[in-house]
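Notes follow the structure.
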Amino acid sequence: MKIRGAGRIARAGAGAIGSFAKDYQGNDMAAFLKDLEEVKKTLLDSRPTAVSLWNGVQASAKGAKEASSVDEAREILIRNSERFIAESNEAVKTIASIGAKRIEDGDTVMTHCNSSVAIGVIAEAHRQGKDIKVYATESRPWRQGILTVNDLAKEGIDTTLIIDSAVRLVMKKVDKVFVGADTITSHGSLINKIGTSQIALMAKEARVQFYACSETYKFSPLTLGGDMVKIEEREISEVVRPGEIPDSVKVFNPVFDVTPAEYIDGIVTEIGLISPGSVYHVMERKFGTEMMKEW
Ligand code: RI2
């Protein structure tokens, strides 16, 4: 939780592979590959839900096995990692400019949790001179909404913080919802911070457009192979203080939820605004049919 946001987590994972390669001492290829596998496992086990981490780590580690020496493998990994980080930062900027076009002068926008990509879209619309208002949810239990309202206020955007349970009441005033993504599945569902699916449901009921802002490395090729996305559960101490409730009461603290494709009007990516139904085709192009078969 020191690093928050699926994009930042992916860049940190890629950077860690790069650092491992830079610092590695030794010339034995078999030992290098074994150590690399251990590093990958440690990184991937740290956050199970966001596939961005998986994609960032895999993209950075790609080609190591084919190298003819440890030095060559280290160079490949360092290059991969730098490329992933640069492309990831670039994608955030491109999404901001594409997504901002969906926001019109006078719009009221809602966002949830703390997504640097969704904030980028909203901030870009504001920079373009559009007069916009934003409602941002508190996002219990970690209250990342506090980060969001600080980010938006710094940009000079008219921002209102609401508690999560005020979403339905406020939805009447909202024109569009923009949220981030931790993972997008092969059938176009969105996995994002807990509460996102309720917001999408309320947006649909109120005929409010709902957009997910997601770099394509948040698309999960693993889901194409039938894998389920593991929803991270966290400590009950995030929800209640010690002694506050009897021991017999269970606490369930899931961190993410699933928004089905039919609640999503569009996914704003660095390759354009796409429908949830076209996720498969993007995956096919990005990851390659052969590679996808292996997964
Ligand atoms: P960016 C965050 O969760 C939120 O769910 C947010 O929507 C998503 O990551 C994407 O964030 P967490 O991974 O990449 O911090 O848009 O728990 O910053």
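Quick note: the sequence shown uses this note's numbering, first residue 983, plus one each step. Each residue gets a CB set at the ideal place from its N, CA and C atoms; glycine is no exception.
Check: Is V1159 a contact residue of the ligand RI2, with contact defined as CB to any heavy atom under 7 angstroms?; Outcome: no
Check: Let's test the definition: count the other Cβ atoms within 10 Å of the Cβ of S1028 and tell me whether it reaches 16, buried, or not, exposed.; Outcome: exposed
Check: May I ask you to list the residues that DSSP assigns as paired with T1031?; Outcome: T1031 pairs with nothing; no bridge assigned.
Check: Just the Cα atoms here: how many angstroms apart are Y1262 and G1208?; Outcome: 13 angstroms
Check: Measuring CB atoms only, is the stretch 1096 to 1104 touching the stretch 1068 to 1080, in the sense that at least three cross pairs come out at less than 8 angstroms?; Outcome: yes
Check: For my contact list, G1177 and H1094 are in at a C-beta cut-off of 8 angstroms; report their separation, rounded to the angstrom.; Outcome: 6 angstroms
Check: Measure the C-alpha to C-alpha separation of A994 and S1001 and round it to an integer number of angstroms.; Outcome: 10 angstroms
Check: Give me the residue from S1070, V1237 and E1214 with the minimum Cα distance to E1252.; Outcome: S1070
Check: List the DSSP bridge partners of P1236.; Outcome: E1215
Check: In whole angstroms, give me the CA-to-CA distance for F1238 and R986.; Outcome: 13 angstroms
Check: Just checking S1171 against the ligand RI2 - is the residue's beta carbon closer than 7 angstroms to any of the ligand's heavy atoms?; Outcome: no
Check: By a C-beta neighbour count over all protein chains shown, 10 Å radius and 16 as the cutoff for buried, is F1066 buried or exposed?; Outcome: buried
Check: Quick check: what's the CA-CA separation for W1277 versus K1083?; Outcome: Note on W1277: pLDDT 46, under 50, position unreliable in the model; the coordinate value appears next. In a straight line, the C-alpha of W1277 is about 36 angstroms away from that of K1083.
Check: Candidates F1192, I1218, R1223 and L1026: which alpha carbon is nearest A988's?; Outcome: L1026
Check: Pull up the CB-CB distance for D1087 and D1113, whole angstroms please, since I reckon it's below 8 angstroms.; Outcome: 6 angstroms
Check: Going by beta carbon distance, what residues of the same chain come within less than 6 angstroms of G1045, once the five residues before and after it are set aside?; Outcome: I1058
Check: Whole angstroms is fine: what's the gap from F1201's alpha carbon to A1182's?; Outcome: 19 angstroms
Check: Please classify Q1126: is it buried, with 16 or more other beta-carbons within 10 angstroms of its beta-carbon, or exposed?; Outcome: buried
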